[in-house]
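>
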Amino acid sequence: MSVEQVPVQRADFDQVMVPNYAPAAFIPVRGQGSRVWDQSGRELVDFSGGIAVNVLGHAHPALVGALTEQANKLWHVSNVFTNEPALRLARKLVDATFADRVFFCNSGAEANEAAFKLARRVAHDLYGTEKYEIIAALNSFHGRTLFTVSVGGQPKYSDGFGPKITGITHVPYNDLEALKAAVSDKTCAVVLEPIQGEGGVLPAELEYLQGARKLCDEHNALLVFDEVQSGMGRSGHLFAYMHYGVTPDILSSAKSIGGGFPMAAMLTTEKLAKHLAVGVHGTTYGGNPLACAVGEAVIDVVNTPEVLAGVNAKHDLFKARLEKIGQQYGVFGQVRGMGLLIGCVLTDAWKGKAKDFFNAAEHEGVMILQAGPDVVRFAPSLVVEDADITEGLDRFERAVAKLTKN
Ligand SMILES: Cc1ncc(COP(=O)(O)O)c(C=O)c1O
């Protein structure tokens, strides 16, 4: 028996949805690989990847297969019981990373919430009530719960909701001296994105992360890497920390880890994990069998030399062409980022106009992203076909040509 489907359109959004988003004028209804079709049958090339989520594009057979198989078996049991997909995925994450223990949840914000709570709990248990300060970076983004907007260094997301979580200091990113000045024996954690994503696709400098690691060790503080956006293959390594060779104590992963199915994980060591004893933290859906079955298929495909090498090769294709477009039309001062998380920094003449590029690209049939007002962002599928890259960037170039002509 199928459910009756009433026709809906974009205008309905403004009548029935809370107005906290302003979605594009069209409604995507179907996706295959790196192509998406809207209600009218118009086809678009997808370089937005659902904001760095659809790590294997749309309707990847391995993911569809894993989800369908699990859907016919067992959907949900809660954490009163464990389940096979969760245990298998946790084992794979432990085998592939620094971590010995995994906590599953449902979004990046939740993974960070768990990470920050764990850091404070460890400090509380080992060093007492005075060690709770968190040092984070200005212009960082860690999610939208009250704790995560408080740690994120962007007042526009944290102001206006009453008292914030206190005990958080923000320092300029990639500024080791500023970090040194801020860290003290009251610091329980330093929280960093190895590549600032929402803040403009800005990779950390190696010395900065190495310095942060050293400072944490000197002050008995934990190093927390938010790899919600940079993780699960997007940087060309399974996690960006592997590129730097700087190992965190706690790592948050979301977005790509579920390939489009909502899921997230906090990874940590056995020594730290024991501070989250029975009942200290939890979430009903965390480690849901459907999500973990998909997550297992994602890591099986992504964590292979072919896919990860492909990310680096595709990065070069994007970068070379975007630099050419940037120079020819005078729009980009720099093309930066790692793997398939790429940011084009607008020149002074185009500063503040990233949304215009988004709109122009959509009109030419290519979905892209912004990272703030000054950076045009690309976060395509890690297995985007080279032909789709060419076609999508042809469309993007036409968009830039029109935009700069007007
Ligand atoms: C680095 C980083 N952390 C956390 C989040 C929050 O993730 P979610 O929206 O799944 O809560 C995001 C989302 O963009 C992110 O980029």
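In this text, residue positions in the sequence shown follow the working numbering: the first is 1, and each later residue adds one.
Every residue, glycine too, gets a C-beta built ideally from N, C-alpha and C.
Return the first residue and the last residue of the beta strand (DSSP E) that E391 is part of.
Note, E391: premise wrong, no beta strand (DSSP E); alpha helix (DSSP H) at D386 to K405.
> According to the Cβ coordinates, are T145 and A109 closer than 8 Å?
Contact flag set, yes.
> Taking only heavy atoms of ligand 1 into account, decide whether any of them is closer than 7 Å to the Cβ of Q154.
No.
> Could you tell me whether the Cβ atoms of A99 and L322 are closer together than 8 Å?
Taking 8 Å as the Cβ cut-off, A99 and L322 do not qualify as a contacting pair.
> Going by CA-CA distance only, name the one from Y132, T247, L209 and V298 that's closest to A264.
Nearest C-alpha to A264: V298.
> Below 8 Å on the Cβ atoms is my contact criterion, and I expect S48 with M242 to pass it. Report the Cβ-Cβ distance as a whole number of Å.
That pair is no contact at about 25 Å.
> Do you know how far the Cα of A354 is from the Cα of W75?
The alpha-carbon atoms of W75 and A354 are separated by roughly 41 Å.
> Just to check my reading of the structure: F396 and A361 have Cβ atoms closer than 8 Å, yes? What is that Cβ distance to the nearest angstrom?
About 6 Å separates the two Cβ atoms, so the contact holds.
> Between which two residues does the beta strand (DSSP E) harbouring E43 extend?
It spans E43 to D46 - the beta strand (DSSP E) in which E43 sits, taken as one unbroken run.
> For T97, which three-state DSSP category applies?
In the structure shown, T97 sits in coil (DSSP, three-state: anything other than H, G, I, E or B).
> So, under 8 Å CB-CB, A212 and Y173 are touching, yes? Tell me the CB distance rounded to an integer number of Å.
No, A212 and Y173 are not in contact; Cβ-Cβ is about 11 Å, not under 8 Å.
> Regarding G108 and ligand 1, is the C-beta to nearest heavy atom distance less than 7 Å?
Checking the Cβ of G108 against ligand 1 gives yes.
> Assess contact between the stretch 339 to 346 and the stretch 224 to 236, defined as three or more Cβ pairs (one per stretch) separated by less than 8 Å. Is contact present?
Yes, the stretch 339 to 346 is in contact with the stretch 224 to 236.
> In or out: D46 buried (at least 16 other Cβ within 10 Å) or exposed?
With 16 or more other Cβ atoms within 10 Å, it is buried.
> Quick check: does the Cβ of N20 come within less than 7 Å of any heavy atom belonging to ligand 1?
No, the Cβ of N20 stays beyond 7 Å of every heavy atom of ligand 1.
> Return yes when at least one heavy atom of ligand 1 lies under 7 Å from the C-beta of I51, else no.
Because some heavy atom of ligand 1 lies under 7 Å away, the Cβ of I51 counts as near it: yes.
> Could you give the distance in angstroms between the alpha-carbon of E205 and the alpha-carbon of V383?
Approximately 27 Å, taken between the alpha carbons.
> Looking only at DSSP bridge pairs, what is L409 linked to?
Residue 409 is absent from the structure shown; the chain starts at 1 and stops at 406.
> So, for H219: in the same chain, excluding its five sequence neighbours on each side, which residues have a beta-carbon less than 6 Å away from its beta-carbon?
If we look at H219 and ignore the five residues flanking it on each side, its Cβ neighbours are V183, D185 and T187.
> At which residue ranges does the stretch 337 to 371 contain complete alpha helix (DSSP H) runs of 4 or more residues, listed in the order of the chain?
As far as the stretch 337 to 371 is concerned, its whole alpha helix (DSSP H) runs of at least 4 residues are 354 to 363.
> Which value, in whole angstroms, describes the spacing of the CA atoms of V191 and A119?
Near 10 Å, if we compare the C-alpha coordinates of A119 and V191.
> Looking at D226 and ligand 1, is the gap between the Cβ and the nearest heavy atom below 7 Å?
Correct: D226 has its Cβ closer than 7 Å to ligand 1.
> May I ask which residues mark the beginning and end of the beta strand (DSSP E) holding Q32?
First-last of the beta strand (DSSP E) with Q32: P28 to Q32.
> So, A52 versus G259, is the Cβ gap smaller than 8 Å?
Taking 8 Å as the Cβ cut-off, A52 and G259 do not qualify as a contacting pair.
> Relative to ligand 1, is the shortest distance from any of its heavy atoms to the C-beta of H170 smaller than 7 Å?
Because no heavy atom of ligand 1 lies under 7 Å away, the Cβ of H170 does not count as near it: no.
> Is the number of C-beta pairs between the stretch 68 to 85 and the stretch 387 to 402 that are closer than 8 Å three or more?
Output reads no: the stretch 387 to 402 does not touch the stretch 68 to 85.
> Which residues share a DSSP beta bridge with E133?
Its beta-bridge partners are T187.
> Check for me: the alpha helix (DSSP H) holding R321 runs from which residue to which?
From DSSP, the alpha helix (DSSP H) with R321 extends over P305 to Y329.
> Mind checking which residues open and close the alpha helix (DSSP H) that includes D125?
Unbroken alpha helix (DSSP H) run through D125: G108 to Y127.
> G143: beta carbon under 7 Å from a heavy atom of ligand 1?
Correct: G143 has its Cβ closer than 7 Å to ligand 1.
> With H, G and I counted as helix, E and B as strand and the rest as coil, what does DSSP make of Q334?
Note: Q334 maps to strand in three-state DSSP.
> Hey, which unbroken runs of the beta strand (DSSP E) at 3 residues or more fall wholly within the stretch 243 to 307?
With a minimum length of 3 residues, the continuous beta strand (DSSP E) runs that stay inside the stretch 243 to 307 are 250 to 253 and 264 to 268.
> What first and last residue would you give for the beta strand (DSSP E) that runs through L222?
Here the beta strand (DSSP E) through L222 covers L222 to D226.
> What do you get for E193, buried or exposed, if any count of 16 or more other CB atoms within 10 angstroms of its CB means buried?
Looking at its Cβ environment, which holds 16 or more other Cβ atoms inside 10 Å, E193 is buried.
> Could you check whether F357 and V345 sit closer than 8 Å to each other, using their CB atoms as the reference points?
No; because the gap between Cβ atoms is not below 8 Å, this pair is not in contact.
> Measure the CB-CB distance between G372 and G152 and report whether it falls below 8 Å.
Going by C-beta atoms, G372 is not nearer than 8 Å to G152.
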